[in-house]
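Notes for the one structure printed next.
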Amino acid sequence: MRRYSPKVIEAKWQEKWYDSGVFKAQNGSKKKKFYLLVEFPYPSGDGLHVGHCRSYTALDIIARKRRMQGFNVLFPMGWDAFGLPTENYAIKKGVHPSVVTKKNTDNFRSQMKNLGLSFDWSREINTTDPKYYKWTQWIFVQLFKNGLAYKAKIDINWCPKDKIGLANEEVVDGKCERCGTKVVKKEKEQWLIKITNYAERLIKDLDLVDYSEKIKIQQKDWIGESHGALIKFPVEGVEENIEVFTTRIDTIFSGTFLILAPGHNFIDKYKNKIENIDEVLKYSKEAKNISDLDRTNLDKDVTGVQLKGITVRNPATNEEMPVWTADFVLEQYGTGAVFADAHDKRDFKMAKKYGIPLRTSIKPEDEIFSQKAKNLEECFEGEGILYNSMQFDGLESAHARPQIIAWLGGKGFAQPKISYKLRDWVFSRQHYWGEPIPMIFCKKCGWQPVDEKDLPVELPKIKKYKPTDTGESPLSAITKWVEVKCPKCKGDAERETDTMPNWAGSNWYYLRYCDPKNNRELANEKLLKYWMPVDWYNGGMEHTTLHLLYSRFIFKFLWDIGAVPKSIGSEPYQKRTSHGVVLAEDRRKMSKSWGNVINPDTVIKQYGADTLRIYEMFMGPFEQMIPWDTKGVVGSHRFLEKIYKLAQKKVSMKTDESLRKVLHKTIKKVSEDIDLMKFNTSVSSMMEFANAWQISKTGLDKKDFAEFLKVLSPFVPHLSEELWSNAGFLGLCCQQKWPKYDEKLIKEEKILLIVQINGKVRDRIEVDFGIEQKQAEKIVLKSEKIKNLLTDDKKVVKVVFVANKLINIVTIDKNA
RNA sequence: GCCCGAGUGGCGGAAUUGGCAUACGCGUGCGACUCAAAAUCGCAUUUCCUUACGGAAUUGUGGGUUCAACUCCCACCUCGGGCACCA
């Protein structure tokens, strides 16, 4: 008997598949298309992580199944290769980043091929290829031309270790997402993209797509939409209003003071009117030096300074209100000003500290106002019933709001307003290894985009790509490259030396796969029409608020300007799923420093790719975080060895009837589970089948064996292919038609009827499928076990019968 | 603080609509093969009581609905994730 040797088998079939081009997606095919996308990796020097293998294998299974179901499948792969780790490695070793990238992508590609993944390699893309980033730059130029890219001097989040500016999205707990260094503020001229213009649509259009509720909620929370009102507070003595955004206009009648963010431009504009301007400016300056993290620390004491000499009028009560500044009011949110009252904890705390008068105007519903709150010893923040509020007395908060907006609106003091937490996207990085921003600054003409025919602006090959401490891009030192003619007036001008963030290339890569070699446009319209949208996109949960949001935004923009056909629809991804992280055996993250990393190459060497694939599918639910178990790999390997043996021993002339039933149940289960990404239960059902096969008398006939190989093949393609050819079947197993199960064979003729007394299982009796209640009762009452339990002192009060499942006899004690 | 998700054997986990809790795999124990070991195969394996037949308890905790609850409702505990002086 032959032994299962994956090493020989796997190399052989990989060669056959890749040489024959069976995984190539066909442009313009009559078949129904299916575009399946898995996030392309950053090709790090560490090689593939077993977590990569897990999500790629999962999507590979879906791709293989869809092909067998007759779809024209596009399942591509590429490299998101710009980024810091490569740059850092290059600096340390003195090798050019492009050399490092080449080495890493070659390694990744060969690892993926060793896994037997069915990617269409003819469509491979690389974000660092000038032919690719030409179009990344082209998109930037379009953003600029449409007024969505602008340069502004802003406080950026600066990571002193990586020497790079970070987007808000890349700052976690006030620390650099990548290296964990505490982020500091630095004022710099930066390119920004107006993603905020799309905030509303990015929320609304989530209704059009099939994403899990969790993903939708995360996106919505991140964008942070809140409905409220804009209120004007007239400033006494000057023709000026201070605008305030609020979601709680129902509390307006208790508003007794106004608070401005320390950086609010009113302060600068009216510095002559503010009597204590020195004190105010000193406070502003201090506030600026406090990081956002400290500023938003809830335990911190509230501080503030009154703007003496300034008062505003509350448009609802007509009372004069003092104006303060406090650092808990943020410049970037709303209008950078709030009206303050007794129904907000921070306002309350501040008023108590500085002796500012307070008044309440909301009391809790169905409840007597607590004495403490009434005496202003405690803050009531909830919604409730209005009082002290003129004609609105007695209304509930929610009902009062639109009415107050309408009333104040009638006098020109208020209007409905929606506010977002999402901020414009900081798009500049001061690093070498990224796409140059294709802009030119001319003293006469201002910022001008590089002429589209001159794209790409290639990254010059230089020796010193180390980032500078000053925050200037290393590209700024290359005078020859920087000095350029203005595209408009042809006078002397200078290139932008900042590069794009590493999200830039991944914003639109899924479009490029449709037409990866096009040099005239980002992708051909016809091909986009055929392939887009992506039918199914899988990626990590960690990309939900970053990559997923950015790329949806960029797609919408391209759709708006007609760069992609309207017929695709306004969303790039029809369906989005996410995978769980694979943890190390010690349940920590895999990390070189912990020494707990599992290398897929080692697993493949020892057990083969098929074992790795099926183990990673079997280990647990796909979306769930799951620890690696080296012992578990052995179990998966045993399963494959068992199949290899059975294929030699138990394929005969005739299939056992009972085994055929199990086979068809397995076909049904696997077919359904793959689409639901329930790979773990698919595998266990195939294991159950193998067990049944093993104990069967005659085993399987050739036809049924072929059916089993087909359902097995997406999971363990090499072994299936080998057994397929060993059995003398024609063609490739991966090109067969996906099997159908026979409904008749799945139905049972006999079932085990569960017999319960008072809900407890007392017996199991084999009966015919479809048995009637009366018949069942008769049989049940004959059972010795049941007879013994239904003694004379018990009275049957009810019999519950569930067809083909169970019968439950409910009794009571006669004596009781 | 707010919003999601989860809690089932020694371990990873399974369980259409409420209808046999613990499938499948790991581990462990016993046995077969072997001079021996590994590998392989067979049997057992939720816990407790019982020599056994059998019985009882059990899906984070406490209550509820129901003939019947891992599944539905209420309260709480623990863990994971997201957001957070956001007006």
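Each residue of the first sequence is one higher than the last, beginning at 946 in the working numbering.
C-beta: ideal position from N, C-alpha, C; glycine also.
query, result
"Is the distance from the Cβ of I1006 to the Cβ of G1553 below 9 Å?", "no"
"Please give me, in chain order, every unbroken run of the alpha helix (DSSP H) with length at least 4 that falls completely inside the stretch 1685-1723.", "1688-1691"
"Write down the C-beta distance between K1740 and K1759 rounded to the nearest angstrom, noting that I regard them as a contact closer than 8 Å.", "5 Å"
"Just how far apart, CA to CA, sit A1449 and D1118?", "24 Å"
"Output the distance between the C-alpha atoms of K1676 and F985, rounded to the nearest integer angstrom.", "The sequence shown places Gly at residue 1676, rather than the Lys named in the question. Roughly 31 Å between the two C-alpha positions."
"Buried or exposed for H1582, going by 16 or more other Cβ atoms inside 10 Å?", "buried"
"Which residue's Cα is closest to the Cα of F1293: A1261, T1248, F1337, E1276?", "T1248"
"Please confirm if the stretch 1061-1079 is in contact with the stretch 997-1015, defined as three or more CB-CB distances below 8 Å between the two stretches.", "yes"
"If we count Cβ pairs, one from each stretch, closer than 8 Å, do we get three or more for the stretch 1032-1050 versus the stretch 1587-1604?", "no"
"If you reduce the DSSP assignment to three classes, tell me which class R1532 lands in.", "coil"
"In terms of DSSP beta bridges, what is D1646 paired with?", "S1597"
"For the stretch 1431-1446 and the stretch 1355-1366, state whether three or more C-beta atom pairs, one from each stretch, are separated by less than 8 Å.", "no"
"With a threshold of 6 Å on Cβ separation, who are the neighbours of H1172 within its own chain once the five nearest residues in sequence on each side are excluded?", "I1363"
"Report the CB separation of E1380 from Y1078 in whole angstroms; it is logged as a contact under 8 Å.", "4 Å"
"Note down, in chain order, each residue of its chain lying with its Cβ closer than 8 Å to the Cβ of Y1475, except the 5 sequence neighbours on either side.", "N972, G973, K978, C1459"
"Below 8 Å on the Cβ atoms is my guess for F1660 versus V1628; work out the distance and round it to an integer in Å.", "7 Å"
"Would you identify the three-state DSSP class for H1209, choosing helix, strand or coil?", "coil"
"Do L1604 and G1644 have their C-beta atoms within less than 9 Å of each other?", "yes"
"So what's W1638 in DSSP terms, helix, strand or just coil?", "helix"
"Name, in chain order, the residues that DSSP records as bridge partners for R1258.", "E1265"
"Just the C-alpha distance for S1616 and V1578, rounded to the nearest angstrom, thanks.", "24 Å"
"Classify H997 as helix, strand or coil using the three-state DSSP reduction.", "helix"
"Cα separation between I1640 and S1630?", "16 Å"
"If you follow the beta strand (DSSP E) that V1018 is in, where does it begin and where does it stop?", "1017-1019"
"Under 8 Å: do the stretch 1487-1505 and the stretch 991-999 share three or more Cβ pairs, one atom per stretch?", "no"
"What is the DSSP secondary structure of Q1569, counted as helix, strand or coil?", "coil"
"May I ask you to verify whether the stretch 1132-1143 touches the stretch 1090-1099, counting CB pairs closer than 8 Å and requiring at least 3?", "yes"
"Since V1755 sits in a beta bridge, which residues does DSSP pair it with?", "K1743"
"Measure the C-alpha to C-alpha separation of W958 and D1555 and round it to an integer number of angstroms.", "12 Å"
"Which first and last residues belong to the beta strand (DSSP E) in which P1361 is found?", "1359-1365"
"Kindly identify the DSSP beta-bridge partner or partners of P1105.", "In DSSP, P1105 forms no bridge with anything."
"Would you give the residue range spanned by the alpha helix (DSSP H) that K1501 belongs to?", "1492-1505"
"With a CB to CB cut of under 6 Å and the five nearest residues on each side skipped, what residues in its chain are close to P1042?", "T1031, E1032, A1035, W1378"
"Given that a residue counts as buried once 16 or more other Cβ atoms are within 10 Å of its Cβ, and exposed if not, what is E1711?", "exposed"
"Could you name the residues of the same chain whose beta carbon sits closer than 8 Å to that of N1071, not counting the 5 residues immediately before and after it, in chain order?", "G1023, W1024, A1026, T1046, T1050, Y1077"
"Indicate whether I1176 and F1211 have their beta-carbon atoms separated by less than 9 Å.", "no"
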